[in-house]
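Engineer:
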Amino acid sequence: MHRKIVLAAVAASALLLAACGGSSSDSASSGSSESGGSSQAAGGGGEGDCPGPDAFCIGLVTDTGKVDDKSFNQSAWEGAKEAAKATGGYAKYIETVDPKDYANNMNQFISAGYDVIITVGFLMGEASVEAADAQKDKGTTFIGVDQFQADPIIPNLTGLVFSEDKAGYAAGYLAGLMTKTGKTGAVLGTDTVPPVKLFGEGYKAGALAANPNVEVTLVYHAPDNAFNDPEWGAAEAKKQLAQGADIIFGAGGNTGNGALIEIAKAAGAGETIFCIGVDTDQYYTVPQAQKCLLTSAEKKLREGTRDLIILAKDGKAPGGNYFGLTGLAPYHDTEAAVPDDVKKKVEEVVKGLDAGTILTNVTLG
10 MHRKIVLAAV
20 AASALLLAAC
30 GGSSSDSASS
40 GSSESGGSSQ
50 AAGGGGEGDC
60 PGPDAFCIGL
70 VTDTGKVDDK
80 SFNQSAWEGA
90 KEAAKATGGY
100 AKYIETVDPK
110 DYANNMNQFI
120 SAGYDVIITV
130 GFLMGEASVE
140 AADAQKDKGT
150 TFIGVDQFQA
160 DPIIPNLTGL
170 VFSEDKAGYA
180 AGYLAGLMTK
190 TGKTGAVLGT
200 DTVPPVKLFG
210 EGYKAGALAA
220 NPNVEVTLVY
230 HAPDNAFNDP
240 EWGAAEAKKQ
250 LAQGADIIFG
260 AGGNTGNGAL
270 IEIAKAAGAG
280 ETIFCIGVDT
290 DQYYTVPQAQ
300 KCLLTSAEKK
310 LREGTRDLII
320 LAKDGKAPGG
330 NYFGLTGLAP
340 YHDTEAAVPD
350 DVKKKVEEVV
360 KGLDAGTILT
370 NVTLG
């Protein structure tokens, strides 16, 4: 197991300062070995930072936003904690506030000799490639969540990617069967991020496949602050509700969460008005939306992150791309509102998408 032993103590001290809330003038990022700011290690016993060259240590760098964002960052962090527990290792995160700090945040873990570094989100792709390429002969494995790897493949970098169009299609198919007004919509993060656009276009394709006469409205946030603008998400959801949409898909971190929470406040929520979450089962991560939540278009982020870290521990993490699972979350409180024949049709569509017998026909051009 590789370690930069000489630098480890110095770098670990720097990380500990970050965990306590310190920051330099160049970076506003902060780190912790447990969500919520605790100093307890995520797994494997012991406390604080990576304790030494013989320990298996996992570092996670979030994209802009908090590790407890109830969506993308949180799911990846939960996977890291599960992997730490399963391997007897240690896990720590650093929250990125400004994109210019991507490289610096990764370098903190590199300098401390961490075995696996997870970088969360499409926007970190370029920085992840550069960091992994510089470390490809030095024993550090990188996992880029939502980062598709193109040739030339870097052997120590695995992109954890998903077929978002399939998850979006299944959710849209359900919406197309369920809508009573013939209008459905989606409030999304920026369409400059391919996974977000795949979700949106997949949703539209699925809704039209179920109901060719349905009217589908997709709205995307501008690139700046696209995933952390719940006020905008709420406003767009209100607008679509006023235009007659009775089922709305929210996909875009806290921006999408704002839409879900707003829909849950609407008259008829859970009876005639419904929302659909994204990435993880948002019944648990956004409880304020439970009243309207029909399902969530899931990317099994937690499971995929966990499984790849365990493969890395065994020296089996593949370079290139690793496709994680997708699907729909349970109906939970709205199950009684979904007719049995609709459930059966949606189940068949999900199976067809998994088997490849149903195609979304979604491309990004």
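Here the sequence shown stands for residues 10 to 374, numbered as in this note's numbering.
All C-beta atoms in this analysis are idealised placements derived from N, C-alpha and C, irrespective of residue type, glycine included.
1. For the stretch 104 to 115 against the stretch 159 to 177, do three or more pairs of beta-carbon atoms, one drawn from each stretch, fall closer than 8 Å, so that the two count as touching?
2. Based on Cα-Cα distance, which residue from 201, 124, 171 and 148 lies nearest to residue 313?
3. Who are the near neighbours of residue 374 in its chain, counting only those whose CB is closer than 7 Å to its CB and skipping five residues on each side?
4. Measuring only the C-alpha atoms, how far is residue 267 from residue 254?
5. Between the alpha carbons of residue 275 and residue 117, how many angstroms are there, rounded?
6. Taking only the alpha-carbon atoms, compute the straight-line gap between residue 76 and residue 297 and give it to the nearest angstrom.
7. Here's the rule I'm using: 16 or more other beta-carbon atoms within 10 Å means buried, otherwise exposed. How should residue 370 be labelled?
8. Under the three-state reduction of DSSP, which class applies to residue 286: helix, strand or coil?
9. Along the chain, which unbroken stretches of the beta strand (DSSP E) at least 3 residues long are found entirely within the stretch 160 to 225?
10. Cutting at 7 Å between CB atoms, please list the residues of its own chain near residue 54, excluding the five before and the five after it.
11. With a 10 Å radius around its C-beta and 16 neighbouring C-beta atoms as the bar for buried, classify residue 264 as buried or exposed.
12. Might you give, ordered along the chain, the residues of its own chain that have their beta carbon closer than 6 Å to the beta carbon of residue 141, omitting 5 neighbours on each side?
13. Could you give the residue range of the alpha helix (DSSP H) that holds residue 294?
14. If I measure Cβ to Cβ from residue 290 and keep anything under 8 Å in the same chain, skipping five residues before and after, which residues do I get?
15. Given this structure, state the Cα-to-Cα distance separating residue 333 from residue 175, to the nearest angstrom.
16. Checking 8 Å against the spacing of the C-beta atoms, do residue 286 and residue 269 come in under that value?
17. Is the beta carbon of residue 338 within less than 7 Å of some heavy atom of the ligand COA?
18. Would residue 257 and residue 243 qualify as a contact pair, given that the criterion is a beta-carbon distance under 8 Å?
19. Mind checking which residues open and close the alpha helix (DSSP H) that includes residue 349?
20. Is residue 371 helix, strand or coil by DSSP?
21. Considering only residues of the same chain and omitting the five flanking positions on each side of residue 184, which have a CB-CB separation below 6 Å?
22. Going by beta carbon distance, what residues of the same chain come within less than 6 Å of residue 208, once the five residues before and after it are set aside?
23. Could you give the DSSP three-state label for residue 308: helix, strand or coil?
24. To the nearest whole angstrom, what separates the beta carbons of residue 84 and residue 316, a pair I think is in contact under 8 Å?
25. If you draw a straight line from the alpha carbon of residue 325 to that of residue 349, how long is it in whole angstroms?
26. Can you check whether the CB of residue 128 is closer than 8 Å to the CB of residue 70?
27. Determine the burial state of residue 82: buried for a count of at least 16 other Cβ atoms within 10 Å of its Cβ, exposed for fewer.
28. Count the other CB atoms within 10 Å of the CB of residue 445; is the residue buried (16 or more) or exposed (fewer)?
29. Quick one, are the C-beta atoms of residue 65 and residue 124 less than 8 Å apart?
30. Could you spell out the range, first to last residue, of the alpha helix (DSSP H) harbouring residue 77?
31. In terms of alpha-carbon separation, which member of 354, 279, 358 and 367 lies closest to residue 342?
32. If you reduce the DSSP assignment to three classes, tell me which class residue 43 lands in.
Structural biologist: In brief:
1. no
2. Residue 313 sits at position 304 when you count from the first residue of the sequence shown. The shortest Cα separation from residue 313 among 201, 124, 171 and 148 belongs to 171.
3. As a working mapping, residue 374 is identified with position 365 in the sequence shown. Closer than 7 Å at Cβ, skipping near neighbours: no residue.
4. Position 258 of the sequence shown, counting from 1, holds the residue named residue 267. Position 245 of the sequence shown, counting from 1, holds the residue named residue 254. Those two C-alpha atoms are separated by around 17 Å.
5. As a position in the sequence shown, residue 275 is number 266, starting the count at 1. As a position in the sequence shown, residue 117 is number 108, starting the count at 1. Near 46 Å, if we compare the C-alpha coordinates of residue 117 and residue 275.
6. Here residue 76 is taken as the residue at index 67 of the sequence shown, counted from 1. Here residue 297 is taken as the residue at index 288 of the sequence shown, counted from 1. Cα to Cα, the separation comes out at about 19 Å.
7. Reading the sequence shown from its first residue, position 361 is the one you call residue 370. The residue is exposed, with fewer than 16 neighbouring Cβ atoms inside 10 Å.
8. To locate residue 286, count along the sequence shown from 1; it is residue 277. Looking at residue 286 - three-state DSSP - the assignment turns out to be strand.
9. 166 to 170 and 192 to 197
10. Position 45 of the sequence shown, counting from 1, holds the residue named residue 54. Note on residue 54: pLDDT 28, under 50, position unreliable in the model; the coordinate value appears next. If we look at residue 54 and ignore the five residues flanking it on each side, it has no Cβ neighbours.
11. Here residue 264 is taken as the residue at index 255 of the sequence shown, counted from 1. That one is buried.
12. Translated into positions along the sequence shown, residue 141 becomes position 132. For residue 141, where only same-chain residues beyond five positions count, the Cβ hits under 6 Å are 151, 163, 165 and 166.
13. In the sequence shown, counting from the first residue as 1, residue 294 sits at position 285. Start and end: 291 to 294.
14. Walking along the sequence shown from the start, residue 290 turns up at place 281. The residues are 305, 307, 338 and 339.
15. Indexing the sequence shown from 1 puts residue 333 at position 324. Indexing the sequence shown from 1 puts residue 175 at position 166. Cα-Cα distance, rounded: 12 Å.
16. Numbered from its first residue, the sequence shown carries residue 286 at position 277. Numbered from its first residue, the sequence shown carries residue 269 at position 260. Yes. Within cutoff.
17. Annotation note on the ligand COA: not contained in the displayed structure, which lists no ligands.
18. Locating residue 257 in the sequence shown gives position 248, counting from the first residue. Locating residue 243 in the sequence shown gives position 234, counting from the first residue. It is not a contact, given that the beta carbons lie outside the stated cut-off.
19. Position 340 of the sequence shown, counted from the start, is the residue given in the question as residue 349. Taken as a continuous stretch (DSSP letters only), the alpha helix (DSSP H) holding residue 349 covers 349 to 364.
20. The sequence position of residue 371 within the sequence shown is 362, counting from 1. Residue 371: coil per DSSP, three-state reduction.
21. Stepping through the sequence shown from its first residue, residue 184 is reached at position 175. Once the five neighbours on either side are set aside, the close Cβ partners of residue 184 are 193, 216 and 256.
22. To locate residue 208, count along the sequence shown from 1; it is residue 199. Taken in chain order, the residues that qualify are 173, 177 and 260.
23. Sequence index remark: in the sequence shown, residue 308 carries index 299 (1-based). Three-state DSSP puts residue 308 in a strand.
24. Translated into positions along the sequence shown, residue 84 becomes position 75. Translated into positions along the sequence shown, residue 316 becomes position 307. Not quite, the Cβ-Cβ distance comes to about 13 Å (not below 8 Å), so this is no contact.
25. The residue labelled residue 325 in the question sits at position 316 within the sequence shown. The residue labelled residue 349 in the question sits at position 340 within the sequence shown. Looking at the two C-alpha atoms, the distance is approximately 43 Å.
26. Counting from one through the sequence shown, the residue named residue 70 turns up at place 61. Counting from one through the sequence shown, the residue named residue 128 turns up at place 119. Yes. Within cutoff.
27. Working through the sequence shown from its first residue, we reach residue 82 at position 73. Label assigned to residue 82: buried.
28. This structure does not reach residue 445, given that the chain is present from 10 up to 374, and the question cannot be answered.
29. Indexing the sequence shown from 1 puts residue 65 at position 56. Indexing the sequence shown from 1 puts residue 124 at position 115. Cβ atoms of residue 65 and residue 124: closer than 8 Å.
30. As a position in the sequence shown, residue 77 is number 68, starting the count at 1. Taken as a continuous stretch (DSSP letters only), residue 77 belongs to no alpha helix (DSSP H), as it is neither H nor E.
31. Translated into the one-based positions of the sequence shown, residue 342 becomes position 333. Among 354, 279, 358 and 367, the Cα nearest to that of residue 342 is on 279.
32. In the sequence shown, the residue the question calls residue 43 occupies position 34. Reliability fails at residue 43, whose pLDDT of 40 lies under 50, so the model's placement of it is uncertain and the value that follows must be treated cautiously. Residue state, collapsed to three classes: coil.
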